[in-house]
Amino acid sequence: MQMMGSSFVRTLIILARPRSHVMELPVGSGVLVTRGMWFCALLWFLAVTCQSQPLKTEGLKPVTRLQPHLGTFVSVTVFAEPNEANLAINHAFDEFIRVDRLLSVHREDSQLAQANAGGVVKPELKSVLNHALQISQQTQGAFDPTVRPLANLWGFIKKEGYRLPRSDELKPVLDRVGYRKISIKANRLEFAVKGMSIDSGGFGKGYAVDCAISVLKKAGIKNAMVKAGGDLRVMGLPPGKKYWTVFIEDPQKKGNRPEVRLRSGALSTSGNYENFFVEKGKRYGHLLDPRTGQPVEGIGSCTLVAPTCLESDAYTTAACILGVQKSRELLSQRYGMRFILLPNKGVAKTVVMGKFPLQD
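Sequential numbering of the sequence shown, starting at 0, is according to numbering that gives the first Met the number 0.
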């Protein structure tokens with residue numbers, strides 16, 4: 000997910016059998032949360048509240064709350080006594096507000112915006128940016144936090160004015176993209192090309208999820224899930240259960256939704272099948288290769304598991320851009336990443352890398 004809130008990604012989270020007890024959150028893109036999105040979210044929340052009641056395992060019921068943050072909807076589910084759960088959930092949502100002040104590119108007072116403008120890079124921001132740039136290096140630039148100028152050129156940021164850029168337009172924009180052109184020296188960002196900046200869209204939501212899980216743990220919560228758009232992380236297990244169950248949306252809309260059994264860690268889905276446009280019969284999706292400036296072809300979505308949500312957020316974008324062969328060589332064989340690549344139209348094969356926790 001190169002851009003924060005850049006695409007619709009749907010994931011079904013199931014806390015217990017039977018399968019009729021399903022929590023579903025369709026999450027949208029953009030910085031503003033519309034009235035219609037709130038209505039959909041309310042319906043989802045009511046469904047979760049009603050369907051969660053049969054879960055009485057070991058006397059604990061899930062407490063789930065929903066709020067808009069970082070251009071999407073965030074859900075926090077906690078298994079604890081109601082008072083304890085709600086207090087912990089408040090702290091979790093506070094972390095999303097704090098991370099917004101840290102990493103948002105939509106507010107001039109965020110630490111990242113100030114650092115992009117020449118301000119001091121404070122310790123937490125420095126740590127997060129170094130991690131993101133390390134992933135850029137490991138993925139040979141497939142994940143790149145400087146890609147925003149390309150997305151603007153194609154019209155994917157505002158989801159309007161989609162256009163095919165001319166080659167003479169593409170080259171000067173590509174000159175302002177590239178993680179190798181960034182360095183952090185004396186607690187300042189240095190860019191090799193004027194007009195460059197770092198965008199947290201490919202890792203910001205994931206980092207916020209990690210921070211929320213951390214404060215839940217400090218609050219004494221043992222079993223919880225935090226989900227922000229297509230990024231989620233779990234802690235512990237639903238009481239009496241052996242795993243959390245996640246259904247991945249089918250990019251081809253054929254009803255074939257792989258079931259993932261997640262016991263720990265984080266999971267992210269990046270898709271190229273919601274934010275796109277068609278020009279002269281050809282489909283162009285919002286996932287752009289930072290090295291060429293061109294949209295990714297063939298891959299409909301990637302779902303990847305990792306220890307942290309920052310990692311799953313960034314690596315899943317990289318896997319989509321690298322494609323099947325390079326992902327196998329680089330992410331699976333070299334770094335032991337586990338993920339599943341679902342095809343777009345015209346590509347028939349689903350590819351599973353590593354010991355991905357699919358249902359047998």
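Just so you know, even glycine gets a beta-carbon here, dropped at the ideal spot from N, CA and C.
Only a predicted model underlies this, so the values are computations on that prediction, with no experimental measurement involved.
Note on the segment 261-343: whole alpha helix (DSSP H) runs with a minimum of 4 residues are 308-325, in chain order.
In the structure shown, I220 adopts coil according to DSSP, grouped into three states. Within the same chain, Cβ atoms closer than 7 angstroms to the Cβ of A114 are found at V120, L124, L188, the five residues on either side in sequence being excluded. Within 10 angstroms of the beta-carbon of S166 lie fewer than 16 other beta-carbons, which makes it exposed. Per DSSP, the unbroken beta strand (DSSP E) holding L188 starts and ends at 187-190. At a Cβ-Cβ threshold of 8 angstroms, F190 and K180 count as neighbours.
Taking the Cα of M234 as reference, the smallest distance to any Cα among I134, N151, L330, G264 is reached at G264.
Taking every protein chain shown into account, the CB of K226 has 16 or more other CB atoms within 10 angstroms, so this residue is buried.
Looking at the DSSP output, M234 bridges to A223. The three-state reading of DSSP puts R175 in coil, since its state is none of H, G, I, E or B. Per the DSSP secondary-structure output, W243 pairs in a beta bridge with L261. Per DSSP, the unbroken alpha helix (DSSP H) holding S126 starts and ends at 122-137. Only buried fits D209, as 16 or more other CB atoms lie within 10 angstroms of its CB. In the three-state DSSP reduction, V62 falls in the strand class (E or B). Residues A141 of the same chain have their beta carbon placed closer than 6 angstroms to that of L321, with the five preceding and five following residues left out of the count. Within the same chain, Cβ atoms closer than 6 angstroms to the Cβ of S135 are found at F142, D143, Y178, the five residues on either side in sequence being excluded.
Exposed is the label assigned to H105, since fewer than 16 other Cβ atoms lie within 10 Å of its Cβ.
When secondary structure is reduced to three states using DSSP, K180 falls in the helix class.
S74 is bridged by DSSP to L65, K226.
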